[in-house]
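Going left to right, the sequence shown walks through residues 1 to 203 as full-length UniProt numbering numbers them.
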Amino acid sequence: MFFPWNKYEELPTGRRNTLQIFITNCCNLKCDGCFARNAMADNSNISLDEYKKVVEQFITKGGQQINILGGEPLLHPNLKEMLKINKDHYLKTTIYTNGYFLNKYKKEDFQGAKLRISLYCKSGNLKSVDNLPKTDIPFEVCYMVSKTSDLEDLLSTAKELESNYSCDVFFISSIRELDNPKKEFFTDTKITMPVLEYKDLVH
């Protein structure tokens, strides 16, 4: 199946109120499905001053939500200060992380912020989360599924993961999987939905 990319254009339906900030290229992993993995060679961070300026600009334009990404955001030396800036400005914040460094933080560090741990899994084998530290910090788990994922197997273990870690689990396809010369959609998965319905779920 091929998606007619040239026939569609993204048109805003209202004021953009969400900003995605990639605060670091540093990461302890190199996941196959990560769209940013090729940008991690320089291990650079944005400075706290740069972050402040971007956030202040965003606020003047009516911004309300900030998504913090990387690299691995928990490796940024000024993450706590960045979160305080967001909190002081009453900005909703979501941090996308692999979760491996949660034990360096306290629950209080993430007040007013949401943590989403991304897992790149081909099956429901829970080895992917075995190295996550035990923590009282609440988080959600996001399975990044691809054309090689066994979705039924993943679904069968999602409840176990939710029970073991007291978290919510949801699924999203790996954007990197769609970035191929043929622009192919997956045709070998049993669980699928129309692209417009999918868009409504993830925006």
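Quick reminder that beta carbons are idealized off the backbone N, C-alpha and C, glycines included.
Just the C-alpha distance for residue i and residue j, rounded to the nearest angstrom, thanks.
i: N17; j: K53; result: 17 Å
i: S166; j: S156; result: 16 Å
i: Q111; j: Q57; result: 23 Å
i: T24; j: I95; result: 12 Å
i: Y51; j: S163; result: 36 Å
i: I117; j: D42; result: 23 Å
i: F22; j: L132; result: 22 Å
i: C34; j: D49; result: 27 Å
i: K84; j: T135; result: 21 Å
i: V55; j: L79; result: 14 Å
Compare the Cα-Cα distances from residue i to each of the options and report the closest residue.
i: S44; options: C34, G99, P77, L115; result: P77
i: L69; options: L155, T157, K114, D88; result: K114
i: Q65; options: K92, S47, M82; result: K92
i: L151; options: F170, M82, S47; result: F170
i: L29; options: L83, E140, G99, M82; result: G99
i: L81; options: S47, T60, K61, F22; result: Going by the sequence as given, residue 81 is Glu instead of Leu. Taking only the C-alpha atoms, the option nearest E81 is S47.
Excluding five sequence neighbours on each side, which residues of the same chain lie with their C-beta closer than 6 Å to the C-beta of residue i?
i: L74; result: T97, F101
i: L178; result: Any reading at L178 must be qualified, since the residue scores a pLDDT of 45, below 50, and its modelled position is unreliable; the value itself is stated next. There are no such residues.
i: C31; result: Y120
Taking the alpha helix (DSSP H) that residue i falls in, what are its first and last residues?
i: S47; result: Where S47 is concerned, there is no enclosing alpha helix (DSSP H), given that its DSSP letter is neither H nor E.
i: E152; result: 151-165
So residue i and residue j are supposed to be a Cβ contact under 8 Å. How far apart are they, rounded?
i: M144; j: L119; result: 7 Å
i: F72; j: C142; result: For the sequence presented, residue 72 should be read as Glu rather than Phe. About 15 Å; that fails the 8 Å criterion.
i: L20; j: N67; result: The question names Leu, but residue 20 is Gln in the sequence shown. Yes, Q20 and N67 are in contact; Cβ-Cβ is about 5 Å, under 8 Å.
For residue i, report the span of its beta strand (DSSP E) as first-last.
i: T18; result: 18-22
i: K61; result: K61 -> no beta strand (DSSP E), and no H or E assigned at all.
i: L115; result: 113-120
i: E140; result: 140-145
i: K84; result: Premise fails: K84 lies in the alpha helix (DSSP H), 79-88, not in any beta strand (DSSP E).
i: Y96; result: 92-97
Can you give me the Cβ contacts of residue i inside the same chain, cut-off strictly under 7 Å, excluding the 5 residues immediately before and after it?
i: I137; result: L102, Y105, K107, F110, L115
i: N180; result: Summary for N180: the model assigns pLDDT 48, below 50, so the residue's position carries little reliability, and this model does not support an answer.
i: A158; result: V169
i: I59; result: H89
For residue i, I'd like the list of residues in its chain whose CB is within less than 8 Å of its CB, leaving aside the five on either flank, ordered along the chain.
i: D168; result: E140, V141, E162
Output yes if chain C places a C-beta closer than 7 Å to the C-beta of residue i; else output no.
i: H89; result: Structure shown: chain C not included; a single protein chain is present.
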